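Q:
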Amino acid sequence: MIWKSVSRTLTFIRFSHTVFALPFALGSMFVAARGLPSARLIGLIVLAMATARTAAMSFNRLADWQMDQRNPRTAGRHRLISWTGAVALCAGSAAAFVAAAWAINPLCFALSPVALALIFFYSLTKRFTVLCHFFLGLALAVSPVGAWLAVTGHFALPPLILALGVVFWVAGFDLIYATQDFDFDRREGLHSMVVALGIERGLKLAQALHAVMFVCLAGFGAAAGLGRFYFASLALVLAALVYEHRVARRLDLDAINQAFFVSNAFVGLVFVVATLFVVTP
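Last residue of the sequence shown: 1466 (the numbering used here), numbering continuous.
#1: Apart from the five residues just before and just after TRP1287, which ones in its own chain have a Cβ nearer than 7 Å to its Cβ?
#2: In the structure shown, what three-state DSSP assignment does VAL1315 receive?
#3: Counting only the same chain and skipping the five closest in sequence on each side, list residues whose C-beta sits under 8 Å from that of GLY1412.
#4: For a test of the three-state rule: what should DSSP assign to ASP1437, helix, strand or coil?
#5: Report whether the distance from the Cβ of CYS1401 to the nearest heavy atom of the ligand GDP is below 7 Å.
#6: Tell me, please, whether the CB atom of LEU1334 is closer than 8 Å to any CB atom in chain D?
#7: Straight-line CA distance for ARG1264 to ALA1273?
#8: What does the alpha-carbon distance come out to for the pair ILE1304 and LEU1325?
#9: Among residues of its own chain, excluding the 5 on either side of TYR1428, which ones have a beta-carbon nearer than 6 Å to its beta-carbon?
#10: With DSSP collapsed to three states, give me the class of LEU1411.
#11: Alpha carbon to alpha carbon, what distance is there between LEU1211 and LEU1454?
#12: Could you tell me which whole alpha helix (DSSP H) segments of length 4 or greater appear in the region 1208–1269?
#13: Are at least three pairs of beta-carbons, each pair with one atom in the region 1276–1287 and one in the region 1227–1242, less than 8 Å apart?
#14: Using the Cβ count rule (16 or more neighbours within 10 Å means buried), how would you classify PHE1319?
#15: Where does LEU1221 land, buried or exposed, given buried means 16+ other C-beta within 10 angstroms?
#16: Kindly indicate which three-state DSSP category PRO1344 falls into: helix, strand or coil?
#17: Taking a contact to mean a Cβ-Cβ separation below 8 Å, would you say MET1398 touches LEU1390 in this structure?
#18: Would you kindly check if the distance between the Cβ of PHE1358 and the Cβ of CYS1401 is under 8 Å?
#19: Looking only at C-alpha atoms, which of TRP1188, PHE1209, THR1203, SER1190 sits nearest to GLY1406?
#20: Would a C-beta distance cut-off of 8 Å place PHE1313 and HIS1376 closer than the cut-off?
#21: Residues in the same chain with beta-carbon distance under 6 Å from ALA1444, minus the five sequence neighbours each way, listed in chain order, please.
#22: Count the other CB atoms, across all protein chains shown, that sit within 10 Å of the CB of PRO1298; report buried if there are 16 or more and exposed otherwise.
#23: Where are the alpha helix (DSSP H) runs, 4 residues long or more, that stay fully inside the region 1337–1387, in chain order?
#24: Here's the rule I'm using: 16 or more other beta-carbon atoms within 10 Å means buried, otherwise exposed. How should THR1364 be labelled?
#25: Do you know how far the Cα of ARG1219 is from the Cα of TRP1250?
#26: Tell me the DSSP secondary structure of ARG1193 in three-state form.
#27: Going by C-alpha distance, which of THR1460, GLY1228, ILE1441, PHE1369 is nearest THR1259?
#28: Report all residues from its chain with a CB closer than 6 Å to the CB of ALA1424; omit the five preceding and five following residues, and keep chain order.
#29: Alpha carbons only, please: which of ILE1441, HIS1395, ILE1227 is nearest the one belonging to LEU1419?
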């Protein structure tokens, strides 16, 4: 019974999608520390990431509770846990995130409400702006900057370049993902670039955004002084992005879902392995 409840909660917040943002936080952490920081700090950063994302996803489910019931793709979400349970999950996760930030350092603690505001705000943006994809990117871009601040206690250029790359990466794959809800979003009057531009032009924009993301990853490597292995690994990132866009052009929803998860998880894996390799003696 307990495991079933846990399983339903993890499905409710799409916990498996944590693999998208976490690698960029870990890679930023490795580069900031020029190796592995203490086990305590690694644990706190992972805890902060997991609780922030859980708070953000549960808030998203609450904000879209009625809307999701009208969307055939998401109609079953509200049956996974109760409204009260979702509120408790959101509040408890947000509190745990602030506590983790407090345990890391004073700057992270001071900025924790700002981070929560950013990740919560995304859930409202589809109601009034086609730039909602970029706000989702901004929400995930908090992670590499936060990890850098956790290690160093100050801002620097490399994590900001990396965060910009995350914005464009997420906005691009969210455009692809949004093709699944094209008819529903248009019928409900929701805003997205796919609705505004049409599916074909929306997918072309996603390609352009991922091209900018690739440039940002190279810029991060240059600004952080990473070596040849890092830049060579970007070829694998490029291959994963090309695969994702080739699948997206087929407009097969099942294939898009598979490519969305596999290719983006692979991008994160390559990034975190490359950064750890180049900074570890």
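Glycine included, C-beta positions come from ideal geometry on N, C-alpha and C. Computed from a predicted model, the values in this text were never measured in an experiment.
A: So, from the listed chains and residues:
#1: PHE1294
#2: coil
#3: VAL1463
#4: coil
#5: For the structure depicted, the ligand GDP is absent and the ligand set is empty, with no information on it obtainable.
#6: No chain D appears in the structure shown, which is made up of a single protein chain.
#7: 16 Å
#8: 8 Å
#9: SER1448
#10: coil
#11: 10 Å
#12: 1224–1248, 1250–1255
#13: yes
#14: buried
#15: exposed
#16: helix
#17: no
#18: no
#19: PHE1209
#20: yes
#21: GLU1429, VAL1432
#22: exposed
#23: 1342–1363, 1367–1373, 1378–1382
#24: buried
#25: 43 Å
#26: helix
#27: PHE1369
#28: none
#29: HIS1395
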